[in-house]
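The numbers in the UniProt record's numbering rise by one with no breaks, and the one at position 137 of the sequence shown is 175.
Glycine included, each C-beta is placed from N, C-alpha and C at the ideal position.
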Amino acid sequence: TLAVHPEREGPAIDPTMYGVFFEDINNAADGGLYAELVRNRSFEFSPVDNAAYTPLTGWRTTAHGGATGTVRTVDDADRLNERNRTYLRLDLSGHGAPGSGYGVVNSGHGSGVAVRAGARYDFSVWARTDQRRGTRLTARLRDADGAPLSAPLTATVRGDRWTRYSGTLTAGATTSGARLAVTAEGGGVLRLDMVSLFPRDTYKGRRNGLRKDLAEKIAALEPGFLRFPGGCLVNTGSHQAYEAPTWERERSYQWKDTIGPVEQRAVNANFWGYHQSYGLGYYEYFQFAEDIGAMPLPVVPALVTGCGQNQATDDPALLRRHIQDTLDLIEFANGPVTSTWGRKRAEMGHPKPFGLTHLAVGNEENLPDAYFERFRQFRAAIEAEHPGVTVVGNSGPDDTGATFDRLWELNRQAGVALVDEHYYNSPQWFLENNERYDSYDRRGPKVFLGEYASRDNRFANALSEAAFMTGLERNADVVKLASYAPLLADTHENQWRPDMIWFDSTRSWGSTSYEVQKLFMNNTGDRVVPSRASGTPQLSAPITGAVGLSTWATAAAYDDVRVTAEDGTVLLGDDFSAGDGRWTRAAGRGTWSVRDGAFVQSDQAAQDTLVTAGDPAWRDYDLRVKATKQAG
Ligand code: AHR
Numbered sequence: 039t040l041a042v043h044p045e046r047e048g049p050a051i052d053p054t055m056y057g058v059f060f061e062d063i064n065n066a067a068d069g070g071l072y073a074e075l076v077r078n079r080s081f082e083f084s085p086v087d088n089a090a091y092t093p094l095t096g097w098r099t100t101a102h103g104g105a106t107g108t109v110r111t112v113d114d115a116d117r118l119n120e121r122n123r124t125y126l127r128l129d130l131s132g133h134g135a136p137g138s139g140y141g142v143v144n145s146g147h148g149s150g151v152a153v154r155a156g157a158r159y160d161f162s163v164w165a166r167t168d169q170r171r172g173t174r175l176t177a178r179l180r181d182a183d184g185a186p187l188s189a190p191l192t193a194t195v196r197g198d199r200w201t202r203y204s205g206t207l208t209a210g211a212t213t214s215g216a217r218l219a220v221t222a223e224g225g226g227v228l229r230l231d232m233v234s235l236f237p238r239d240t241y242k243g244r245r246n247g248l249r250k251d252l253a254e255k256i257a258a259l260e261p262g263f264l265r266f267p268g269g270c271l272v273n274t275g276s277h278q279a280y281e282a283p284t285w286e287r288e289r290s291y292q293w294k295d296t297i298g299p300v301e302q303r304a305v306n307a308n309f310w311g312y313h314q315s316y317g318l319g320y321y322e323y324f325q326f327a328e329d330i331g332a333m334p335l336p337v338v339p340a341l342v343t344g345c346g347q348n349q350a351t352d353d354p355a356l357l358r359r360h361i362q363d364t365l366d367l368i369e370f371a372n373g374p375v376t377s378t379w380g381r382k383r384a385e386m387g388h389p390k391p392f393g394l395t396h397l398a399v400g401n402e403e404n405l406p407d408a409y410f411e412r413f414r415q416f417r418a419a420i421e422a423e424h425p426g427v428t429v430v431g432n433s434g435p436d437d438t439g440a441t442f443d444r445l446w447e448l449n450r451q452a453g454v455a456l457v458d459e460h461y462y463n464s465p466q467w468f469l470e471n472n473e474r475y476d477s478y479d480r481r482g483p484k485v486f487l488g489e490y491a492s493r494d495n496r497f498a499n500a501l502s503e504a505a506f507m508t509g510l511e512r513n514a515d516v517v518k519l520a521s522y523a524p525l526l527a528d529t530h531e532n533q534w535r536p537d538m539i540w541f542d543s544t545r546s547w548g549s550t551s552y553e554v555q556k557l558f559m560n561n562t563g564d565r566v567v568p569s570r571a572s573g574t575p576q577l578s579a580p581i582t583g584a585v586g587l588s589t590w591a592t593a594a595a596y597d598d599v600r601v602t603a604e605d606g607t608v609l610l611g612d613d614f615s616a617g618d619g620r621w622t623r624a625a626g627r628g629t630w631s632v633r634d635g636a637f638v639q640s641d642q643a644a645q646d647t648l649v650t651a652g653d654p655a656w657r658d659y660d661l662r663v664k665a666t667k668q669a670g
């Protein structure tokens with residue numbers, strides 16, 4: 039029975055309540071939302087990003103018509119600029135027949151460079167030559183076997199100083215496996231950098247823009263806000279600010295590295311184990327938020343590293359600099375074109391302010407007091423200069439526990455307006471916690487549920503999330519913002535599951551959770567009508583206790599974990615992470631189940647029976663966990 043009470047006034051629901059959280063995880067930026075088709079366009083890939091990388095990752099040499107030469111990457115005084123340090127040097131030694139060529143081929147992201155027959159692609163490259171009469175350069179789309187997929191685009195490189203050359207290639211066929219070949223004729227030394235190929239057809243036709251199908255799927259959600267750029271991406275790594283020539287990788291995400299001409303932006307190692315070009319940077323995030331009608335909500339590091347690195351940086355001068363950088367960020371977003379940072383925004387093409395109203399300091403903070411000491415200083419400085427900007431606080435990586443309690447206490451004492459909560463749990467947990475916010479203090483800080491998901495991408499997960507969201511909505515006076523996470527995942531290479539939208543080089547599709555998010559975002563009400571359901575079937579003996587092994591810090595030390603009930607039955611949750619302090623979900627460690635009393639890696643069907651909510655077979659188990667230490 040459903041009793042509805044239209045005569046009683048329920049809480050108002052903000053139009054911004056449901057939003058999206060974009061983090062560059064699972065190749066969400068390069069090879070994902072950022073439409074650049076060339077992988078490692080500036081030869082900056084490095085083993086610091088990933089042990090398997092070299093500056094030539096994504097590239098191989100090619101020759102035709104008898105041309106010869108050698109290729110190497112160089113980081114010396116001839117570099118393009120202080121940030122774009124490594125370039126490609128071609129020593130052209132053999133003059134082949136007319137029309138011959140020696141050079142390099144890029145294999146693109148995932149399965150290759152994805153092109154559509156008849157579509158146009160903007161090619162550009164920075165180049166210089168030591169040949170007085172110039173060097174003839176050719177760019178062309180080819181298939182994996184070298185057969186041409188476009189007419190050649192030619193240019194003559196002149197002069198031994200860096201110059202940008204550009205033109206358009208039209209694809210002659212549709213394929214997800216094209217290659218971009220760049221070859222030169224003649225002799226001498228040719229230097230190349232920033233070899234780029236962009237579809238003309240980006241989202242809203244923006245230059246340096248976004249992959250259309252992915253951006254459209256996000257836009258179709260009609261999100262109220264866009265939280266970016268992370269996540270663990272934001273507050274991990276060192277907090278050293280960029281200063282040439284002490285150029286360093288593995289730094290926390292710093293917005294100033296990510297704006298301006300793309301060839302002058304820094305690059306960085308990504309916490310999730312790959313390279314980030316920063317081609318998709320703060321300007322593009324703000325522009326995207328505006329394009330999809332979402333409130334921008336950036337997250338800046340608080341000089342405390344989280345996500346397993348748990349260390350506070352004790353450097354007052356550096357802290358002052360980060361606080362100033364954050365004030366500059368607000369000026370970049372909101373300042374007049376006459377201000378220093380407002381002018382930079384205008385130079386990039388957006389004289390009108392972006393209208394930033396919310397900004398979060400910190401992500402999943404594990405050191406409550408150290409974090410809060412820094413948070414207070416950020417907040418005081420921001421409120422003094424920009425009283426209209428709401429500074430969002432943090433409650434750590436869990437939905438409960440001592441860190442969570444302490445952080446909430448500190449936020450409450452300081453009168454923080456909004457506190458960011460995160461949790462990833464089983465569908466059962468989401469069903470059982472529908473009333474989580476019913477008892478939250480109405481006079482305390484409001485909640486920004488910045489990350490949540492039930493652990494899998496199956497129908498039962500989406501259903502449990504939808505059920506949970508009715509609880510968020512019923513408490514819309516306390517829960518002000520909520521975003522599922524992560525947003526995007528490349529099928530080819532990913533670090534985290536489940537995810538909302540999946541993609542490969544050409545296709546993308548929403549998960550069942552995507553459909554739930556879309557349903558809520560497309561139909562956000564403006565006020566809750568109080569109602570009560572009675573006679574709802576109860577779950578029979580819901581499972582109690584932890585069934586998921588997700589403590590990645592300890593999981594890293596083990597290579598085999600068994601969870602058995604006393605009667606020998608084995609029962610398990612779904613998320614065992616392992617690795618070197620990062621979530622890796624190595625193959626063979628993802629999902630576990632029981633067969634014949636033995637603990638085996640499950641197939642999805644077995645997993646299904648374990649997580650199906652409402653299954654009358656649910657009962658309590660006493661669990662025993664046996665973990666075998668990794669050899670060595
Ligand atoms: O969403 C993936 C990760 O989960 C985020 O980077 C982090 O904040 C959380 O632990």
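How about residue i: is its Cβ closer than 7 Å to a heavy atom in ligand 1?
i: Gly268; result: yes
i: Glu489; result: yes
i: His534; result: Looking at the sequence provided, one finds Trp at residue 534 rather than His. Under cutoff, so the answer is yes.
i: Ala523; result: yes
i: Leu271; result: yes
i: Ile420; result: no
i: Pro435; result: yes
i: Ile63; result: yes
i: Asn306; result: no
i: Asn495; result: no
i: Glu47; result: no
i: His460; result: yes
Can you give the Cα-Cα distance for residue i and residue j, rounded to whole angstroms?
i: Ser464; j: Val516; result: 23 Å
i: Val42; j: Asn404; result: 42 Å
i: Asp353; j: Gln415; result: 13 Å
i: Ala514; j: Glu473; result: 12 Å
i: Gly247; j: Met386; result: 13 Å
i: Glu301; j: Asn122; result: 7 Å
i: Ser521; j: Ala307; result: 26 Å
i: Trp547; j: Asn119; result: 39 Å
i: Val305; j: Ala193; result: 28 Å
i: Phe442; j: Ala452; result: 15 Å
i: Glu74; j: Asp239; result: 11 Å
i: Pro299; j: Glu553; result: 37 Å
i: Lys518; j: Glu328; result: 20 Å
i: Thr589; j: Asn532; result: Any reading at Thr589 is ruled out, since the residue's pLDDT is 27, under 50, leaving its predicted position unreliable.
i: Asn499; j: Glu260; result: 22 Å
i: Trp164; j: Trp200; result: 6 Å
Only counting the same chain, and skipping five residues up and downstream in sequence, which positions put a Cβ closer than 8 Å to that of residue i?
i: Thr208; result: Gly156, Ala157, Arg158, Tyr159, Ser188 and Ala189
i: Tyr409; result: Ala340, Val342, Ala350, Gly400, Glu403, Asn432 and Leu445
i: Pro406; result: Gly434, Thr441, Arg444, Leu445 and Leu448
Quick one, are the C-beta atoms of residue i and residue j less than 8 Å apart?
i: Val76; j: Ser234; result: yes
i: Asp363; j: Gln292; result: yes
i: Leu175; j: Val195; result: yes
i: Tyr475; j: Gly509; result: yes
i: Phe236; j: Leu191; result: no
i: Gly439; j: Glu402; result: no
i: residue 680; j: Arg565; result: The structure shown has nothing for residue 680, since the chain only spans 39 to 670.
i: Trp540; j: Ala523; result: no
i: Gly262; j: Thr54; result: yes
i: Gln325; j: Arg244; result: yes
i: Tyr280; j: Thr296; result: no
i: Ile63; j: Gly269; result: yes
i: Asp458; j: Phe486; result: yes
i: Pro391; j: Ala371; result: yes
i: Thr108; j: Pro93; result: no
For residue i, which residues from the same chain have a beta carbon less than 6 Å from its beta carbon, with the 5 sequence-adjacent residues on both sides left out?
i: Asp634; result: Bear in mind that the predicted position of Asp634 carries a pLDDT of just 39, short of 50, making it unreliable; the figure below should be weighed with that in mind. Excluding sequence neighbours, Asp634 sits near nothing in its chain.
i: Thr274; result: Phe309, Thr343, Cys345 and Gln347
i: residue 671; result: As displayed, the chain neither begins before 39 nor continues past 670, which places residue 671 out of reach and without an answer.
Only counting the same chain, and skipping five residues up and downstream in sequence, which positions put a Cβ closer than 7 Å to that of residue i?
i: Asp198; result: Arg166, Thr167 and Asp168
i: Leu71; result: Leu248, Arg249, Leu252, Ala253, Leu318 and Leu526
CB of residue i to nearest heavy atom of ligand 3: below 7 Å?
i: Glu402; result: Ligands displayed in this structure: ligand 1; ligand 3 is not among them.
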